[in-house]
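Once you know that position 41 of the sequence shown is 42 in this note's numbering, the rest is easy, because the numbers rise by one and skip nothing. To keep things clear, I will list the structure first and then write my remarks on it.
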Amino acid sequence: MTQPKRDPSTGRFIKPTPSERVAAHVERVNALHPEHDSDCAVNSEPAYPAGECDCGAVARSLPKGFPQAAISKPKPAPSINKRAAAGIIWFIILTGLALIGLIVYLVTH
Ligand SMILES: [Zn+2]
Numbered sequence: 002m003t004q005p006k007r008d009p010s011t012g013r014f015i016k017p018t019p020s021e022r023v024a025a026h027v028e029r030v031n032a033l034h035p036e037h038d039s040d041c042a043v044n045s046e047p048a049y050p051a052g053e054c055d056c057g058a059v060a061r062s063l064p065k066g067f068p069q070a071a072i073s074k075p076k077p078a079p080s081i082n083k084r085a086a087a088g089i090i091w092f093i094i095l096t097g098l099a100l101i102g103l104i105v106y107l108v109t110h
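Pasting the structure below:
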């Protein structure tokens, strides 16, 4: 169990961040209420490494109104290939628009 952190200079408890609160909550849920679905990732061992809860038991156990963003993992950054493809598509679109504008200008002047 994670112990609450204290400020070394004052000895007072430091308020945990939302993600620290979620991590502590997940720890408690897993320890006290192992009501995960049988195919939840926490039950993957020993065949595979156990993962984080993907059956929703942790999310269901959170208090109402708790920010769901705190329990969902941030999306990984798009791979360089996706970003390069998006850049090429934008280049084609903008070049096409510029060419259309040039043609319209040349035709009308
Ligand atoms: Zn679960």
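Ideal Cβ positions, reconstructed from N, Cα and C, are used throughout, including at glycine.
- A straight-line Cα-Cα distance of about 33 Å links residue 21 and residue 82.
- Using a Cβ-Cβ distance cut-off of 8 Å, the segment 35-43 and the segment 58-68 are in contact, since at least three pairs of beta carbons, one from each stretch, lie closer than that value.
- Counting only the Cα atoms, residue 85 lies some 49 Å from residue 13.
- Counting only runs that start and end inside the segment 29-64, the alpha helix (DSSP H) elements of at least 4 residues fall at 58-62.
- By the CB criterion at 8 Å, residue 23 and residue 54 fall outside the cutoff.
- Within the model, the alpha-carbon separation for residue 97 versus residue 8 is close to 59 Å.
- Beta-bridge partners of residue 7 (DSSP): 14.
- Comparing C-alpha distances from residue 62 to each of 50, 78, 92 and 29 shows the shortest one belongs to 29.
- Where residue 102 is concerned, the enclosing alpha helix (DSSP H) starts and stops at 81-109.
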